[in-house]
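K.L.:
Take a look at this one; I'll ask things after.
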Amino acid sequence: MESWAFLTAILAIAAVAKNKALLIGVGFVMVIKLIPAFQPLLKTIQAQGINWGVTIISAAIMVPIATGEIGFKELVQVVKSPAGWIAIAMGILVAVLSSKGVGLLAQSPEMTVALVFGTIVGVVFLKGIAAGPVIASGMTYVILTVFNLVPTH
């Protein structure tokens, strides 16, 4: 019963904030939870959902390459600029942080609760996008490491 109350509260917050992505996400999870035959799908989504999301985002990013809007010329152009090198560095940093974050979540799954709550707050109240829980876990890992607070189990 507690999970329904929590999901309903998130749904209400998403509705008030007019956040379509969160509304669809929470609504989808609630529908799956409502139908007993589909409930095993929740564990699959939990285990694979981030990978599916990253795959969809990756595909969306590749569309301008597929349509010819972006090619080697644009790549060479961006590498010539400081902003391009900063973007490359940030891409590398995010990839490394994400790998550390996945490790942290595997080691301390309870951290997921705080990351999800923080993501919801950021999406709803700060008009963010829920694209970074894994990155956030990587950043959390770095901060916890700096302060020697990494949980051990």
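Residues 80 to 232 in the numbering used here are what the sequence shown lists, from first letter to last.
Where a beta carbon is used, it is the ideal one built from N, C-alpha and C, also for glycine.
1) Between the alpha carbons of ALA168 and GLY197, how many angstroms are there, rounded?
2) Can you check whether the CB of SER187 is closer than 8 Å to the CB of GLY217?
3) Run through the region 122-176 for me and flag every whole alpha helix (DSSP H) of 4 or more residues, listed as ranges in chain order.
4) Measuring alpha carbon to alpha carbon, tell me which residue in SER82, ALA96 and THR87 is nearest ILE200.
5) In angstroms, rounded to a whole number, what distance separates the CA positions of ASN227 and GLU148?
6) In angstroms with no decimal places, state the Cα-to-Cα distance between ILE111 and MET80.
7) Give me the Cβ distance between VAL105 and ILE89, rounded to the nearest whole Å; I'm assuming they're in contact under 8 Å.
8) Let me check understanding here. Comparing Cα to Cα, which of VAL181, PRO115 and ILE222 lies closest to ALA239?
9) Looking at the structure shown, is THR231 part of a helix, part of a strand, or coil, going by DSSP?
10) Give a yes or no on whether 8 Å exceeds the smallest Cβ distance from ILE140 to chain D.
11) Going by beta-carbon coordinates alone, are VAL175 and ASN98 separated by less than 8 Å?
12) With burial defined as no fewer than 16 other Cβ atoms inside 10 Å of the residue's Cβ, what is the status of ALA116: buried or exposed?
13) Along the chain, where does the alpha helix (DSSP H) that runs through ILE92 open and close?
14) Using the C-alpha atoms, what's the distance from GLY132 back to LYS152?
15) Note down the Cα distance separating THR123 from ILE144, rounded to an integer number of angstroms.
16) Would you mind sorting LEU205 into buried or exposed? The rule is 16 or more other CB atoms within 10 Å of its CB.
P.N.:
Walking through what the data contain:
1) Translated into the one-based positions of the sequence shown, residue 168 becomes position 89. Translated into the one-based positions of the sequence shown, residue 197 becomes position 118. Looking at the two C-alpha atoms, the distance is approximately 25 Å.
2) Here residue 217 refers to the residue found at position 138 when the sequence shown is read from its first residue. Here residue 187 refers to the residue found at position 108 when the sequence shown is read from its first residue. Not in contact: GLY217 and SER187 (Cβ atoms no closer than 8 Å).
3) DSSP runs (the alpha helix (DSSP H)) wholly in the region 122-176: 151-158.
4) For the purposes of this step, residue 200 is taken as residue 121 along the sequence shown, with counting starting at 1. In the sequence on display, residue 200 carries Val and not Ile. Closest in C-alpha terms to VAL200, from the list SER82, ALA96 and THR87, comes ALA96.
5) Here residue 227 refers to the residue found at position 148 when the sequence shown is read from its first residue. Here residue 148 refers to the residue found at position 69 when the sequence shown is read from its first residue. Using only the alpha carbons, I get a separation of about 46 Å.
6) Locating residue 111 in the sequence shown gives position 32, where the first residue counts as 1. Locating residue 80 in the sequence shown gives position 1, where the first residue counts as 1. So the two alpha carbons sit approximately 15 Å from each other.
7) Looking up residue 105 in the sequence shown gives position 26. Looking up residue 89 in the sequence shown gives position 10. Rounded, the Cβ-Cβ distance is 5 Å, consistent with contact.
8) In this structure the chain extends from 80 to 232, so residue 239 is not present and cannot be described.
9) For the purposes of this step, residue 231 is identified with residue 152 of the sequence shown, where counting begins at 1. The three-state secondary structure of THR231, taken from DSSP, is coil.
10) In the structure shown, chain D does not exist; there is a single protein chain.
11) The sequence position of residue 175 within the sequence shown is 96, counting from 1. The sequence position of residue 98 within the sequence shown is 19, counting from 1. Their beta carbons are not under 8 Å apart, which means VAL175 does not touch ASN98 by this criterion.
12) Along the sequence shown, one-based indexing puts residue 116 at 37. So ALA116 ends up on the exposed side.
13) The residue labelled residue 92 in the question sits at position 13 within the sequence shown. It spans 81-96 - the alpha helix (DSSP H) in which ILE92 sits, taken as one unbroken run.
14) Residue numbering aside, residue 152 sits at position 73 when the sequence shown is read from its first letter. Residue numbering aside, residue 132 sits at position 53 when the sequence shown is read from its first letter. About 29 Å.
15) Here residue 123 is taken as the residue at index 44 of the sequence shown, counted from 1. Here residue 144 is taken as the residue at index 65 of the sequence shown, counted from 1. When rounded, the separation of the alpha-carbon atoms in THR123 and ILE144 is 31 Å.
16) Taking the sequence shown and counting its residues from 1, one reaches residue 205 at position 126. Exposed, by the Cβ-count rule.
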